[in-house]
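Everything below concerns the one structure shown next.
In structure tokens form, the structure reads like this:
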């Protein structure tokens, strides 16, 4: 990871009327506040401030740290939200009807897709079994269920507009709803809160290292990506070799151990 241009972060946070502190810091471009800007009673604010305190003597937050903060800020704190190791999010607000989908990281790396195969209603899926299949440029990628349960609903809007899956993965791009069989036990294999933040940091570092491995990055015009301290391209597959792209996707979705 390049440290030539560290991302500065003002750790002395002040309050302005009707503006989220984390928006003012530049960590987030926009966030709807569910607590009427009462930071003292915002669980996400408390978690982020606690983490910032750990690095308050540093000149800057690392790029991976900042992106992990952005991922956490995207989560609606009204939801009981978890993410499994294969980048499938779980909304367990209703413990009887669990909504699942892909997270921002895998959505951004995938970019535009050609289609999505959804599970049929009534299908019993086990944790780790296939719960969806993405088609892209002649390749397919399997999505693995984070929980064991029966599929009770699927997002058929994705059939006509599959790119909703990657353009709005946390909301309109949800994948399916299932009735879990052993929710509490299987949620222990997933991440939430501070553990989710730390996990995102590690995964972003892993992704960054994979991008820097590309021997043809400059030739292919990859430009400003995570490895250069910028934003990752939405159409990443156009800028790296197919084999490397497949390895990255498989690594994120848990198809291979890397």
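In this note's numbering, the protein residues as written are 4 to 261. All C-beta atoms in this analysis are idealised placements derived from N, C-alpha and C, irrespective of residue type, glycine included. None of these values were measured; they are calculated from a predicted model.
Given this structure, state the Cα-to-Cα distance separating residue 246 from residue 116, to the nearest angstrom. Your numbering for residue 246 matches position 243 in the chain shown. Your numbering for residue 116 matches position 113 in the chain shown. Their Cα atoms are separated by approximately 18 Å.
Residue 190 - containing alpha helix (DSSP H), residue span: Against the chain shown, residue 190 aligns to sequence position 187. Element bounds for residue 190: 186 to 190.
Rounded separation between residue 123 and residue 243 - CA only: Taking the first residue of the chain shown as position 1, residue 123 is located at position 120. Taking the first residue of the chain shown as position 1, residue 243 is located at position 240. Taking the straight line from one Cα to the other gives about 35 Å.
Residue from 104, 195, 87 with nearest C-alpha to residue 157: Here residue 157 is taken as the residue at index 154 of the chain shown, counted from 1. The candidate whose alpha carbon is nearest that of residue 157 is 104.
For residue 205 and residue 4, the rounded distance between their alpha carbons: Here the question's residue 4 lines up with position 1 in the chain shown. Here the question's residue 205 lines up with position 202 in the chain shown. Summary for residue 4: the model assigns pLDDT 41, below 50, so the residue's position carries little reliability; its value from the coordinates is reported in the next sentence. Spanning the two alpha carbons is a distance of roughly 13 Å.
contact_flag[the stretch 123 to 135, the stretch 197 to 211] where n(CB pairs < 8 Å) is 3 or more: no
Can you check which of these residues, 145, 110, 97, 251, is closest to residue 215 by C-alpha distance? Within the chain shown, numbered from 1, the residue matching residue 215 stands at position 212. Ranking the options by Cα distance to residue 215, first place goes to 251.
Taking the alpha carbon of residue 111 as the point to measure from, which residue in 176, 187, 150, 151 has its own alpha carbon closest? Residue mapping note: residue 111 aligns to position 108 of the chain shown, counting from 1. Minimum Cα distance to residue 111 is reached at 176.
The beta strand (DSSP E) spanning residue 255 covers which residue range? On the chain shown, residue 255 is found 252 positions in, with the first residue counted as 1. No beta strand (DSSP E) holds residue 255; the alpha helix (DSSP H) holding it covers 245 to 256.
With DSSP as the reference, identify every bridge partner of residue 89, one or two as the case may be. Translated into the one-based positions of the chain shown, residue 89 becomes position 86. Per DSSP, residue 89 has no beta bridge partner at all.
Among 102, 137, 249, 248, which residue has its Cα nearest to the Cα of residue 165? Your numbering for residue 165 matches position 162 in the chain shown. Closest option to residue 165, Cα to Cα, is 137.
Tell me whether residue 127 sits in a helix, a strand or coil according to DSSP, three-state version. Your numbering for residue 127 matches position 124 in the chain shown. Correct three-state label for residue 127: strand.
Contacts around residue 249, its chain only, beta-carbon distance under 6 Å, and the 5 residues preceding and following it disregarded: Locating residue 249 in the chain shown gives position 246, counting from the first residue. Same-chain partners within the cutoff: there are none.
In terms of residue numbering, what span does the alpha helix (DSSP H) encompassing residue 211 cover? As a first step, residue 211 is located in the chain shown; it is residue number 208 there, counting from the start. Where residue 211 is concerned, the enclosing alpha helix (DSSP H) stretches over 196 to 215.
Relative to the C-alpha of residue 102, which candidate in 153, 109, 118, 241 has its C-alpha closest? If you number the chain shown from 1, residue 102 lands on position 99. The residue with the shortest Cα to Cα distance from residue 102 is 153.
Find the nearest neighbour of residue 100 within the set 87, 239, 240, 83, judged by alpha-carbon distance. Here residue 100 corresponds to residue number 97 of the chain shown, with the count starting at 1. When each option's Cα is compared against that of residue 100, the closest is 83.
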